[in-house]
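Student: Structure incoming, see below.
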Amino acid sequence: MAEVSLKGEQRVFMTGNEVVAWAAVAAKVDIIYGYPITPQNEIMHYWTRLAPKYGKKFLQTEDEISAGFATLGGVIAGRKAFTASAGPGNVLMQESASMAEMMRLPIVYVIQQRGGPSTATVIYAQQEVTLTTFGGNGEGHRVVYSTATHQEIFDYTIKAFNVAWTYRFPTFILGDGYQAKMREPLTMYDPEARGIKLVKPEPILGDTTPGKQFKHIRNTYNTEDELYDVVMSNQRDWEAMAPEVIEWDEQGCEDADVILLTHGIVSRAAKGAYDQLRREGKKVGFFRPITLRPFPDEQLKKAIKNAGRLLIAESAYGQLLKLVQNSLYGSTIEIVPMLRPGVGITTEEIIAEYKKL
Numbered sequence: 075m076a077e078v079s080l081k082g083e084q085r086v087f088m089t090g091n092e093v094v095a096w097a098a099v100a101a102k103v104d105i106i107y108g109y110p111i112t113p114q115n116e117i118m119h120y121w122t123r124l125a126p127k128y129g130k131k132f133l134q135t136e137d138e139i140s141a142g143f144a145t146l147g148g149v150i151a152g153r154k155a156f157t158a159s160a161g162p163g164n165v166l167m168q169e170s171a172s173m174a175e176m177m178r179l180p181i182v183y184v185i186q187q188r189g190g191p192s193t194a195t196v197i198y199a200q201q202e203v204t205l206t207t208f209g210g211n212g213e214g215h216r217v218v219y220s221t222a223t224h225q226e227i228f229d230y231t232i233k234a235f236n237v238a239w240t241y242r243f244p245t246f247i248l249g250d251g252y253q254a255k256m257r258e259p260l261t262m263y264d265p266e267a268r269g270i271k272l273v274k275p276e277p278i279l280g281d282t283t284p285g286k287q288f289k290h291i292r293n294t295y296n297t298e299d300e301l302y303d304v305v306m307s308n309q310r311d312w313e314a315m316a317p318e319v320i321e322w323d324e325q326g327c328e329d330a331d332v333i334l335l336t337h338g339i340v341s342r343a344a345k346g347a348y349d350q351l352r353r354e355g356k357k358v359g360f361f362r363p364i365t366l367r368p369f370p371d372e373q374l375k376k377a378i379k380n381a382g383r384l385l386i387a388e389s390a391y392g393q394l395l396k397l398v399q400n401s402l403y404g405s406t407i408e409i410v411p412m413l414r415p416g417v418g419i420t421t422e423e424i425i426a427e428y429k430k431l
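In the working numbering, the protein residues as written are 75 to 431.
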């Protein structure tokens, strides 16, 4: 494991899972509750090595259901807490995510996607998009960041805790098996030294501070009208939050005939294709949603207004495609899907698909 100082800035070369552990330290996280599943195992492994040095805690639970709910317990007690999983474990954690949505609990999940459905492979995929963005039995009141690089894993893990504790909605970092296991360089830093204010946690229940009002939080309601009022209140809060957290990357869309639309690690291949095709004089654009939930609807509609086609590439069979179709409902732009479930996509393959057009 790399020796890192979070004082000032330091260039490091490490795996994405190691980056998650260091980012959590930088964000002043107190504890991780987890259960092993590939390809996120090393997040817990690295954390247990860091914990004694930085006064942190770790609890391995008996399964992912317990990990999710134990994390909720840590958050309710006023601790910055998170968990991590993948694939079938992500499925099992959706019940705790739904409870966090209803009870407005600032839990953070790190998901390193693997192939599916079911056990499938332990390698890589982008097949957990639908599950992560709308996996609970509710309206999807959550924030989902889709990372593409190790630098983003570090940056957005720190941001995820701030967003969760500011708005009190569960927040996800959606990575993948490639990001989890591969090594690449990045700059680590102390966020506060950069002027990033870290939101401090506070007890949600059990706060005995004099003058504090007793809080009663619920996830069960007796009548339809009572539930309706709570859900609509949460929906209004979520809609007010959305413009403040939506993020995207857009390049060359103003004069583009074809726009390459991807997310996560596939966007690295798309960016390479965009750069090469632009050098060849092709009118190509690049659009990447960084938040998959909330989705940058208005930003995408503006980006495509002069384009004739969208080439959507994803390592799943239409999960990003469905988000885009919902976002662009009513648009007449032609959508060309490049769907490769559970398989990596290269720059050369995207260029070949473009040339078919």
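By construction, the Cβ of each residue, glycine as well, lies at the ideal position given by its N, Cα and C atoms.
Near E92, which residues of its chain fall below 6 angstroms by C-beta distance, leaving aside the five closest residues on each side in sequence?
Tutor: Annotation for E92: Y120 place their beta carbon closer than 6 angstroms to its own, counting only its chain and skipping 5 residues before and after.
Student: Suppose you measure from the CA of V59 to the CA of V99; what does that come to, to the nearest Å?
Tutor: The question about residue 59 has no answer here: the residues shown for the chain are numbered 75 through 431.
Student: In or out: H290 buried (at least 16 other Cβ within 10 Å) or exposed?
Tutor: exposed
Student: Are G338 and L248 close, meaning C-beta to C-beta below 8 angstroms?
Tutor: The answer is yes: Cβ separation under 8 angstroms.
Student: Can you list, in chain order, the residues of its chain with a C-beta nearer than 7 angstroms to that of V237? Leave out the 5 residues immediately preceding and following it.
Tutor: V217, T245 and V319
Student: Would you tell me roughly how many angstroms separate the C-alpha atoms of N380 and L413, rounded to the nearest one?
Tutor: 24 angstroms
Student: Give me the Cα-Cα distance between K154 and T206, rounded to the nearest whole angstrom.
Tutor: 21 angstroms
Student: What are the boundary residues of the beta strand (DSSP E) that includes L384?
Tutor: R383 to E388
Student: Within the continuous alpha helix (DSSP H) that includes E298, where are the two ends?
Tutor: E298 to V319
Student: Reducing DSSP to helix, strand and coil, say where M176 ends up.
Tutor: If DSSP states are grouped into helix, strand and coil, M176 belongs with the helices.
Student: Name the residue from T261, G212, K127 and S192 whose alpha carbon lies nearest to the alpha carbon of G90.
Tutor: T261
Student: Quick one, are the C-beta atoms of G359 and Q325 less than 8 angstroms apart?
Tutor: yes
Student: Can you give me the Cβ contacts of I425 inside the same chain, cut-off strictly under 7 angstroms, excluding the 5 residues immediately before and after it?
Tutor: Residues A347, Q350 and L351 of the same chain have their beta carbon placed closer than 7 angstroms to that of I425, with the five preceding and five following residues left out of the count.
Student: Looking at the unbroken beta strand (DSSP E) that takes in P363, where does it start and where does it end?
Tutor: In this chain, the beta strand (DSSP E) harbouring P363 covers V358 to P363.
Student: Report the three-state DSSP secondary structure of Y230 (helix, strand or coil).
Tutor: helix
Student: What is the DSSP secondary structure of E408, reduced to helix, strand or coil?
Tutor: strand
Student: Do Q201 and G416 have their CB atoms nearer than 8 angstroms?
Tutor: yes
Student: Mind checking which residues open and close the beta strand (DSSP E) that includes Q134?
Tutor: Secondary structure note for Q134: its beta strand (DSSP E) is the uninterrupted segment K131 to Q134.
Student: Leaving out the 5 sequence neighbours to the left and right, which residues in its chain are closer than 8 angstroms to G431 when beta-carbon positions are compared?
Tutor: Just to set this straight, residue 431 is Leu in the shown sequence, not Gly. For L431, where only same-chain residues beyond five positions count, the Cβ hits under 8 angstroms are V332, R383, L385 and V410.
Student: What is the rounded straight-line gap between the Cα of K131 and the Cα of V182?
Tutor: Going from the Cα of K131 to the Cα of V182 covers about 16 angstroms.
Student: From the DSSP output, read off the bridge partner residues of E324.
Tutor: DSSP output for E324 lists F361 as bridge partner(s).
Student: Taking 8 angstroms as the threshold, find out whether the stretch 169-178 comes into contact with the stretch 187-203 through three or more Cβ pairs.
Tutor: No, because fewer than three Cβ pairs between the stretch 169-178 and the stretch 187-203 fall closer than 8 angstroms, the two stretches do not touch.
Student: Excluding five sequence neighbours on each side, which residues of the same chain lie with their C-beta closer than 6 angstroms to the C-beta of M118?
Tutor: G108
Student: Is it true that the stretch 259-274 meets the stretch 81-89, where meeting means three or more beta-carbon pairs spaced less than 8 angstroms apart?
Tutor: yes
Student: Do you know how far the Cα of T421 is from the Cα of Q253?
Tutor: 17 angstroms
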